[in-house]
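In our numbering, the protein residues as written are 39 to 395.
Next up, the structure:
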C-alpha cells in the first residue's frame with residue numbers, strides 16, 4: 039500500500055509539472071507526454087446518465103405511476119374477521135388462512151379460499167352454510183393481507199420481506215423497514231445508506247427511480263407504486279472509500295458518503311496545511327487508465343466556484359505550494375520509476391477542472 043500511495047503521488051506531481059509553465063530552470067524538464075485537455079463547465083454532468091435523456095426519464099416515471107395493482111387474491115397468512123348476519127354465535131375474529139390455503143370456520147370446517155377474491159370466498163362460504171342456515175349473509179373483513187410482497191435489504195433497520203395489499207410506494211416501503219441504518223464514524227453518528235447507488239429492481243429491469251431525489255429532495259415523481267415481487271436494495275456508504283494525502287492535517291482513508299464534495303473531504307481531513315498548493319489533483323479510475331482533475335481548492339473554499347463532487351475510490355493529492363521542489367524530488371526517484379510512469383501516463387486522460395488558472 040505504501041508503494042502504491044507513493045506511485046500515485048508521483049503520478050500526480052508529474053502531471054502538474056507537465057502542465058505548468060513556470061518551472062525551475064535548473065531542474066530537468068518534465069516528461070514530455072501527450073496531454074488530452076478538456077474543459078468541464080458543469081461538474082454536475084459528471085454523475086448524470088449519458089444514455090438517457092431527462093425527457094425520457096420523466097416519461098418512464100410517469101408510466102410507472104400508472105401501474106395499477108392487480109385484483110387482490112387471498113393467500114396463506116391472510117387474516118380475517120368473519121361475521122354472519124343474525125348469527126352472533128358464528129362470528130369469528132382473527133381467522134387465519136393456513137399454509138394449505140384453507141380457512142377454518144364454524145359449522146362448515148375448512149374452506150379452500152386461497153387464490154379466490156374476497157367476493158368469491160364469501161359466496162363459497164355462504165353456499166356451504168346453506169346446509170345449516172336459511173339465506174346466510176357472510177361478511178369477510180380482511181385486516182392483514184399478504185397477497186403481495188416486496189423484499190428490502192441493505193442499510194435499513196429491519197431488512198426483510200414485507201407484505202402489502204397492493205398500495206405501497208417506495209418511500210412507504212423504506213418506512214416499513216424502519217428507515218436507514220446509522221453507525222459511528224470518526225466519533226460522529228452518520229447514516230449508512232448510500233442512496234446514489236441504491237436501486238429498485240422489478241424482474242430483470244432496474245426502475246429509473248432516484249432515491250436521492252425522493253428522500254433528500256422530496257421529489258414525489260420518484261415515489262412510484264411497488265408491485266408484488268419488487269426488490270429494493272439500499273447500498274452501504276461504508277463499503278467504499280476515498281483517500282486524501284499530501285498537505286492536509288490528517289491524510290488517510292475516509293468512508294465515502296453520498297454526494298461527498300472535495301471541500302467536505304478536506305474538512306474531514308482537518309483542513310489544509312499552510313504549505314498547501316491552491317490546485318488539488320483528484321485521481322479517478324484504475325492505475326492503467328487514470329482520469330485526473332486539477333481543481334482550484336482556494337476558489338471553492340472562497341465561494342468563487344462550485345464544489346467538486348467526489349466519487350467512491352477517488353484519490354486526492356494536495357501538493358506543496360513550492361513547485362520547484364517537486365522537480366528535485368522527482369529527479370531523485372525517476373531512475374527507477376520513469377519506465378513505469380511513461381507507459382501508464384501515455385494511456386491516461388487529463389481533465390482541467392478550472393476554466394481559468
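From the three backbone atoms N, C-alpha and C, an ideal C-beta is built for every residue, glycine too.
Taking a C-beta distance under 9 angstroms as the contact criterion, residue 282 and residue 194 do not qualify as a contact pair.
In this structure the segment 100-116 lies against the segment 258-266, because at least three pairs of beta carbons, one per stretch, are closer than 8 angstroms. Look at residue 230 here: in three-state DSSP terms it is coil, with no helix or strand label. At least 9 angstroms separates the beta-carbon of residue 287 from that of residue 323. For residue 322, the enclosing beta strand (DSSP E) stretches over residues 317-322. Comparing alpha carbon positions, the residue from 228, 258 and 270 closest to residue 244 is 270. When only Cα atoms are considered, residue 340 and residue 298 end up about 18 angstroms apart. Boundaries of the beta strand (DSSP E) harbouring residue 179: 176-182, taken from the DSSP string.
Rounded to the nearest whole angstrom, the CA to CA distance from residue 359 to residue 329 is 23 angstroms.
The segment 182-194 makes no contact with the segment 161-171: fewer than 3 CB pairs, one atom from each, lie closer than 8 angstroms. Assigned with DSSP and collapsed to three states, residue 343 falls in coil, not helix or strand. Here residue 143 is buried. Its C-beta has 16 or more other C-beta atoms within 10 Å.
Going by beta carbons, residue 253 and residue 300 fall outside the 9 angstroms limit. For residue 123, same chain residues with a beta-carbon under 7 angstroms away, outside a window of 5 residues either side, are 175 in chain order. Residue range 186-192 is occupied by the beta strand (DSSP E) that includes residue 186. Bridge partners of residue 130 according to DSSP: 120. Our two residues, residue 179 and residue 173, have alpha carbons roughly 19 angstroms apart in a direct line. A check of alpha carbon separations from residue 292 across 351, 127 and 250 identifies 351 as the nearest. Around the beta carbon of residue 163, 16 or more other beta carbons sit within 10 angstroms, so the residue counts as buried. The three-state reading of DSSP puts residue 334 in strand, counting E and B together. Between residue 353 and residue 280, the C-beta spacing is below 9 angstroms. Residue 145 sits away from residue 246, with the two beta carbons spaced by 9 angstroms or more.
Going by beta carbons, residue 208 and residue 233 fall outside the 9 angstroms limit. The beta-bridge partner set that DSSP reports for residue 166 is empty. Within the DSSP secondary-structure output, residue 271 pairs in a beta bridge with 191 and 237.
In this structure, residue 312 sits away from residue 357, with a CB-CB distance that is not shorter than 9 angstroms.
In the DSSP annotation of this structure, the continuous segment of the beta strand (DSSP E) that includes residue 283 starts and ends at 279-284. In this structure, DSSP gives residue 208 a helical state, which the three-state scheme calls helix. At the C-beta level, residue 111 and residue 177 stay beyond 9 angstroms of one another. Under the DSSP assignment, residue 354 falls outside any alpha helix (DSSP H), being part of the beta strand (DSSP E) whose first and last residues are 353-356.
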